[in-house]
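Presented below is the structure to which this report refers.
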Amino acid sequence: SILHWRIAFILGFNISVLLIIIYFIKALDLKHNTIDRGDYLNPNNYNYKLSRQDFVLLFKMRSVMSILFFVLTGGLVTSILGNWGIYILSSNLGNPDLATIIYLIIGIAALPGAIIGGKINDRLFQNRKHRLRFLVAMIGVLGGSLSLLIFYVFPFPILV
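Each residue of the sequence shown is one higher than the one before, counting from 920 in the numbering used here.
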């Protein structure tokens, strides 16, 4: 079927859209000025509902927009490289199951690097070296992306 690998992405998209709709129905307060602005400063008066103004203010924050941009672009790159990688491996190896296993091994091998990078960034955060935290994160992302691209460029020893 033409949808075989696309089913997971279609399902994930539909679940995400459903959760966004449920959030807007249940948690977003569309009435203006329903809560006094000073109440937000009181940690004992927590309200999970957002007004339209709160929602607009949320998207005016640089950190929120940066996270949203990273999630959107990172998600696109990850899904494209993931699908393309399995396709290239399966066409080179002639076995889609073996390609999936190799791709899973690569993903599992990335976990220790993420844990070590997180520990390093925690120490840098405690020492208030915020610029170095960004550098460690970028080295991890760019190093991982470069390694992945090199992995696709060089031929496999199995094929030689």
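Beta carbons: idealized from backbone N, C-alpha and C, even for Gly. Keep in mind it's a predicted model, so treat the numbers as computed, not measured.
Simplified DSSP assignment, three categories, for residue i
i            : result
residue 1072 : helix
residue 1050 : helix
residue 980  : coil
Among the options, the one whose alpha carbon lies nearest that of residue i
i            : options              : result
residue 1032 : 1057, 980, 982       : 1057
residue 890  : 1040, 1019, 990, 991 : Nothing can be reported for residue 890, as the shown portion of the chain is limited to 920 through 1079.
residue 1067 : 1038, 1028, 1053     : 1028
residue 1059 : 983, 935, 1017, 1036 : 1036
Rounded Cβ spacing between residue i and residue j (contact assumed at less than 8 Å)
i            : j            : result
residue 1012 : residue 1022 : In fact, because the Cβ distance is near 11 Å, the residues do not count as touching under 8 Å.
Unbroken alpha helix (DSSP H) runs of length 4 or more, entirely within the stretch 984–1054: which are they? 1015–1045
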